[in-house]
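Just add 1 to the spot in the sequence shown (first one is 1) and you have the numbering used here.
Note that CB positions come from ideal geometry on N, CA and C, so glycine has one too.
Since this is a predicted model, take the numbers as computed values, not measurements.
What follows is a set of notes on a single structure, which appears directly below.
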Amino acid sequence: MVTLALAPARGNPSSRYFPHHGYLGLTPVRVDGIVRTRLDEDRKPAQARAITVSVRCYEERVSRTRGTLFTHLLVDHTQVLWAKHPRADAEEIGDLELPFRITLPKRTAGFSTANFQAYRTFWRIEAALEHIPIPGVGHRLFRCFDLALVRYDEPTYPSLGHVMPSTSHALLLQTSKPRAPVLRYSISTPTRAVGPTELVYASLSIKPVDPDVVVRSASFIVERRIDLFRPSATSPTLVSSPPPTSALYDNATPSSSSSHLWSPPDIEASLPSPLELTPSSSTATFESSASSTRPLMSPSSPPPPLHMPTSPTLLPSPPLLSPTASSSTDAPHKTLVSTVVTAESSGLTPDAAGVWSRTLMAHWPPAPPRSRWAVGETMRGEHAVVRFFVRASVRVAGPGGAETLELEPREIAIAGTSEVERQAAREKYVEQREGARRSKSKSPWRAERGEEEHAEMPQSKSYPGASGSGSTGAGGSGSTGGSGSEGARAHGGAGGRGSGAEERAAASAPARTRHKDGASSSSLTAREKAYVKSSRRPHTSAGPRDKSSFALVAQDAGAVDVCVSGEPSAHARSRSHRRADEHRHARRESGLAESVLDGDREIRERERERRAKRERTPVPPVPPADVRAWDDELARIELKSKRASSHMLGSWALNFGRRKQVSQRS
Numbered sequence: 002m003v004t005l006a007l008a009p010a011r012g013n014p015s016s017r018y019f020p021h022h023g024y025l026g027l028t029p030v031r032v033d034g035i036v037r038t039r040l041d042e043d044r045k046p047a048q049a050r051a052i053t054v055s056v057r058c059y060e061e062r063v064s065r066t067r068g069t070l071f072t073h074l075l076v077d078h079t080q081v082l083w084a085k086h087p088r089a090d091a092e093e094i095g096d097l098e099l100p101f102r103i104t105l106p107k108r109t110a111g112f113s114t115a116n117f118q119a120y121r122t123f124w125r126i127e128a129a130l131e132h133i134p135i136p137g138v139g140h141r142l143f144r145c146f147d148l149a150l151v152r153y154d155e156p157t158y159p160s161l162g163h164v165m166p167s168t169s170h171a172l173l174l175q176t177s178k179p180r181a182p183v184l185r186y187s188i189s190t191p192t193r194a195v196g197p198t199e200l201v202y203a204s205l206s207i208k209p210v211d212p213d214v215v216v217r218s219a220s221f222i223v224e225r226r227i228d229l230f231r232p233s234a235t236s237p238t239l240v241s242s243p244p245p246t247s248a249l250y251d252n253a254t255p256s257s258s259s260s261h262l263w264s265p266p267d268i269e270a271s272l273p274s275p276l277e278l279t280p281s282s283s284t285a286t287f288e289s290s291a292s293s294t295r296p297l298m299s300p301s302s303p304p305p306p307l308h309m310p311t312s313p314t315l316l317p318s319p320p321l322l323s324p325t326a327s328s329s330t331d332a333p334h335k336t337l338v339s340t341v342v343t344a345e346s347s348g349l350t351p352d353a354a355g356v357w358s359r360t361l362m363a364h365w366p367p368a369p370p371r372s373r374w375a376v377g378e379t380m381r382g383e384h385a386v387v388r389f390f391v392r393a394s395v396r397v398a399g400p401g402g403a404e405t406l407e408l409e410p411r412e413i414a415i416a417g418t419s420e421v422e423r424q425a426a427r428e429k430y431v432e433q434r435e436g437a438r439r440s441k442s443k444s445p446w447r448a449e450r451g452e453e454e455h456a457e458m459p460q461s462k463s464y465p466g467a468s469g470s471g472s473t474g475a476g477g478s479g480s481t482g483g484s485g486s487e488g489a490r491a492h493g494g495a496g497g498r499g500s501g502a503e504e505r506a507a508a509s510a511p512a513r514t515r516h517k518d519g520a521s522s523s524s525l526t527a528r529e530k531a532y533v534k535s536s537r538r539p540h541t542s543a544g545p546r547d548k549s550s551f552a553l554v555a556q557d558a559g560a561v562d563v564c565v566s567g568e569p570s571a572h573a574r575s576r577s578h579r580r581a582d583e584h585r586h587a588r589r590e591s592g593l594a595e596s597v598l599d600g601d602r603e604i605r606e607r608e609r610e611r612r613a614k615r616e617r618t619p620v621p622p623v624p625p626a627d628v629r630a631w632d633d634e635l636a637r638i639e640l641k642s643k644r645a646s647s648h649m650l651g652s653w654a655l656n657f658g659r660r661k662q663v664s665q666r667s
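Structural data, given as structure tokens:
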């Protein structure tokens, strides 16, 4: 048998959550990793059928006493990493390492990761190895990690658009509490989704029917309602279960790339075209499990046949999931209500028309850590609906006494992220994309080298000495792109023809000759361009082709004017100048190894010339008396140096030999 492991592409999983790149709903989300299989100690390969990796979004009904009650698959993106041959029942596998990359589109459905007391939504990356059935083991190995995905898009719900009245005092609502003053009022709430740390407000305009009634104070609370529903018995994607035992993950083998067909209303409103994909496993049945990281399916069903990767099927998006439009029952099984924020204000004063107005505001709390209960966002799922309502109340005093009147609640949309977080995510994503397009090396040498190449490329016309590239004439004085090189014209006579050796030298190094005034320049062939490009390295590298200041030795050596006996000094100076110019140009195109070799070559050449000069110039013999005098002087200097060293050691109390002799005498 083999063991299955799931690991990130870089490093090891150091936390509960698997790493990802991107922002759900705002940018594409990329998940990179590696699925590994290793042989056990028995070294027996496994008879496998397929290895898949999936990124999925689930919603679960949970209980403090019974664990997971119901599970529903919302989004499924599956990739087949390995599959058996279609004609074989199974194939042996041993040690494998299968890298993968799953990219969730920008408009992917699913909820943010959130944990409530009786309901939770989560994302997970799962690796599964399907093998032949083994008694007592099953037919599937499973590994998974949670993904901490949060939606960054701004949801828009058409049913929540509370537009303010056209007139400032259009009081369209009225209280109906028995034996209490009657109030005509209007209330306005946010029309866009509110995120963490953003302001949520309620603007109230109140006018009592009885002019003797006074509005003392106004307040509002934002409460969260979680409506829990029982799954329908006819639902094809759900199967209720008794208390969980040892459930295993067992669903139909997914296709190569798929995504579930559910989408929230904000995605459906912006996507009229069918962009969702439906997997072949969308009709799989699920069963509960005691652990959130264990598989969720029943082991009783036989393993389904393997489907090879096929193109996904396009289906239209389903209608909005709501308590009345879903497969659940109409009435919620249970409703959990909790207060999120409150605000209160007093000291209201009426205007000339007798209308009492006040705007109450409060900050929405920031998102708590994932280890705590979530505040949540507006969600509409198959098992539960999470909604938020603004409930305002006013306290009035009239002839009959003081009363507290509840106003009509208004639903508001809550998002998982604020506008500031969305803007920061956009800027970071754009910055990362621009950084990926730029070169990884920011060396000043590379920038300078690029500018030099860009400046030289428009001037490159032809190789020096190329046939048919220049104008012909009796004197051979061609135009800017003439056929003869400048070096050949300087040494070859008026006809522009030099010696064969000089022409061959010019042809062997076409990119190293340049005109002093820039009138003509040599071009680079495709092979030389490839060599120049391949010789570049990042500035952090210490490789043999990296630029370095070691080439300064070659520059100093090439700039020396060497005059050999029997050679005219003017010709020697021109040759030395030309060699230094060629060497400086070649040094810019070579790397560290070429620079060091050129410098070493120049030093050896200079040493050879000095040795030849010494051999040609006889050295006069030195008289023996002078030699003896120098030997005596060197001996005297050496003796004086030894005495100075002994005095220095004595002053530092390091004369150990003398102390030892004194102690022995005593």
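Item to check | Which listed residue (His-384, Trp-374, Pro-619 and Glu-93) has its alpha carbon closest to that of Gln-118 | outcome: Stepping through the sequence shown from its first residue, residue 118 is reached at position 117. Closest by alpha carbon: Trp-374.
Checklist entry - In three-state DSSP terms, what is Tyr-430? => result Within the sequence shown, the letter at position 429 stands for residue 430. The answer is helix: DSSP assigns Tyr-430 an H, G or I state.
Checklist entry - For the segment 98-167, which segments carrying the beta strand (DSSP E) assignment without a break, of at least 3 residues, lie completely within its bounds, in sequence order? => result 120-135 and 139-148
Checklist entry - Less than 8 Å separating the beta-carbons of Leu-75 and Glu-60? => result Against the sequence shown, residue 75 aligns to sequence position 74. Against the sequence shown, residue 60 aligns to sequence position 59. Cβ distance < 8 Å, so Leu-75 and Glu-60 count as in contact.
Next on the checklist: I need the boundaries of the beta strand (DSSP E) containing Ala-398, first residue and last residue.
Outcome noted: Counted from its first residue, the sequence shown places residue 398 at position 397. Ala-398 -> beta strand (DSSP E) spans 385-399.
Item to check | Sub-8 Å separation of Tyr-153 and Gly-26 beta-carbons | outcome: As a first step, residue 153 is located in the sequence shown; it is residue number 152 there, counting from the start. As a first step, residue 26 is located in the sequence shown; it is residue number 25 there, counting from the start. Yes, these two residues count as a Cβ contact at 8 Å.
Checklist entry - Applying the criterion that 16 or more other CB atoms from any shown protein chain within 10 Å of the CB defines a buried residue, is Lys-85 buried or exposed? => result Within the sequence shown, numbered from 1, the residue matching residue 85 stands at position 84. Burial call: buried.
Checklist entry - Which residues in the same chain have their Cβ closer than 7 Å to the Cβ of Val-391, if we skip the five residues on either side of it in sequence? => result On the sequence shown, residue 391 is found 390 positions in, with the first residue counted as 1. So the list reads Thr-190, Ala-203, Phe-221, Val-223, Pro-410, Arg-411 and Ile-413, once near-sequence residues are dropped.
Next on the checklist: Can you tell me where the beta strand (DSSP E) holding Ile-94 begins and where it ends?
Outcome noted: Stepping through the sequence shown from its first residue, residue 94 is reached at position 93. Per DSSP, Ile-94 belongs to the beta strand (DSSP E) from 92-94.
Checklist entry - Roughly how many angstroms separate the alpha carbons of Ser-419 and Val-387, rounded to a whole number? => result Your numbering for residue 419 matches position 418 in the sequence shown. Your numbering for residue 387 matches position 386 in the sequence shown. Cα-Cα distance, rounded: 18 Å.
Next on the checklist: Quick check on His-384: buried or exposed, where buried means 16 or more other Cβ atoms within 10 Å of its Cβ?
Outcome noted: For the purposes of this step, residue 384 is taken as the residue at position 383 of the sequence shown. Label assigned to His-384: buried.
Next on the checklist: For a test of the three-state rule: what should DSSP assign to Lys-208, helix, strand or coil?
Outcome noted: Looking up residue 208 in the sequence shown gives position 207. The answer is strand: DSSP assigns Lys-208 an E or B state.
Item to check | Neighbour-count burial assignment, Thr-122, 16 or more Cβ in a 10 Å radius | outcome: In the sequence shown, the residue the question calls residue 122 occupies position 121. The residue in question, Thr-122, is buried, as its Cβ has 16 or more Cβ neighbours within 10 Å.
Checklist entry - Of the choices Lys-45, Val-421 and Phe-71, whose alpha-carbon is the least far from that of Glu-93? => result One-based indexing of the sequence shown puts residue 93 at position 92. Taking only the C-alpha atoms, the option nearest Glu-93 is Lys-45.
Checklist entry - Which term fits His-22, buried or exposed, when burial requires 16 or more other beta carbons within 10 angstroms of its beta carbon? => result Start at 1 with the first residue of the sequence shown, and residue 22 comes out as number 21. When all chains shown are included, His-22 counts as exposed.
Item to check | Buried or exposed by the 16-neighbour rule on C-beta atoms within 10 Å, applied to Val-214 | outcome: Along the sequence shown, one-based indexing puts residue 214 at 213. By the neighbour-count rule (16 or more Cβ atoms within 10 Å), Val-214 is buried.
Next on the checklist: Give me the residue from Ala-344, Arg-607 and Arg-612 with the minimum Cα distance to Ser-218.
Outcome noted: Against the sequence shown, residue 218 aligns to sequence position 217. Ser-218 has its Cα closest to that of Ala-344, out of Ala-344, Arg-607 and Arg-612.
Checklist entry - According to DSSP, is Pro-45 helix, strand or coil? => result For the purposes of this step, residue 45 is taken as residue 44 along the sequence shown, with counting starting at 1. The residue asked about is misnamed: residue 45 is Lys in this sequence, not Pro. Three-state result, Lys-45: coil.
Item to check | Cut-off 6 Å between Cβ atoms - residues of its own chain near Arg-50, not counting five sequence neighbours on either side | outcome: Within the sequence shown, the letter at position 49 stands for residue 50. Closer than 6 Å at Cβ, skipping near neighbours: Lys-85, Ala-91, Glu-131 and Leu-307.
Checklist entry - Rounded to whole angstroms, how far is the Cβ of Pro-197 from the Cβ of Pro-370, which I believe are closer than 8 Å? => result Translated into the one-based positions of the sequence shown, residue 197 becomes position 196. Translated into the one-based positions of the sequence shown, residue 370 becomes position 369. The pair is not a contact, with the Cβ atoms about 13 Å apart (cut-off 8 Å).
Item to check | Nearest-angstrom Cβ-Cβ length linking Ala-416 and Glu-155, presumed shorter than 8 Å | outcome: Here residue 416 refers to the residue found at position 415 of the sequence shown. Here residue 155 refers to the residue found at position 154 of the sequence shown. Confirmed, Cβ separation roughly 6 Å.
Checklist entry - From Thr-350 to Ser-358, what does the alpha carbon distance come to, in whole angstroms? => result Sequence index remark: in the sequence shown, residue 350 carries index 349 (1-based). Sequence index remark: in the sequence shown, residue 358 carries index 357 (1-based). Whole-angstrom Cα-Cα distance: 8 Å.
Checklist entry - Using the C-alpha atoms, what's the distance from Phe-112 back to Gly-702? => result Shown here, the chain extends from 2 to 667; a query on residue 702 therefore has no answer.
Checklist entry - Given that a residue counts as buried once 16 or more other Cβ atoms are within 10 Å of its Cβ, and exposed if not, what is Gln-433? => result Against the sequence shown, residue 433 aligns to sequence position 432. The residue is exposed, with fewer than 16 neighbouring Cβ atoms inside 10 Å.
Next on the checklist: So for Glu-435, helix, strand or coil by DSSP?
Outcome noted: By 1-based counting over the sequence shown, the position of residue 435 is 434. Residue state, collapsed to three classes: helix.
Item to check | Residue environment, Lys-429, which counts as buried when at least 16 other CB atoms sit within 10 Å | outcome: On the sequence shown, position 428 is the one that residue 429 refers to. Exposed, since its Cβ has fewer than 16 Cβ neighbours within 10 Å.
Checklist entry - Looking only at DSSP bridge pairs, what is Met-380 linked to? => result The sequence position of residue 380 within the sequence shown is 379, counting from 1. In DSSP, Met-380 forms a bridge with Val-387.
Item to check | Chain-order list of residues whose beta-carbon lies under 7 Å from that of Thr-176 (same chain, five-residue window excluded) | outcome: As a working mapping, residue 176 is identified with position 175 in the sequence shown. The residues are Val-183, Leu-184 and Leu-406.
Next on the checklist: When you compare the CB positions of Val-395 and Val-216, do they come within less than 8 Å of one another, or not?
Outcome noted: The sequence position of residue 395 within the sequence shown is 394, counting from 1. The sequence position of residue 216 within the sequence shown is 215, counting from 1. Contact: yes.
Checklist entry - Is the distance from the Cβ of Val-54 to the Cβ of Ala-128 below 8 Å? => result Position 53 of the sequence shown, counted from the start, is the residue given in the question as residue 54. Position 127 of the sequence shown, counted from the start, is the residue given in the question as residue 128. Yes, the pair counts as a contact, with Cβ atoms nearer than the cut-off.
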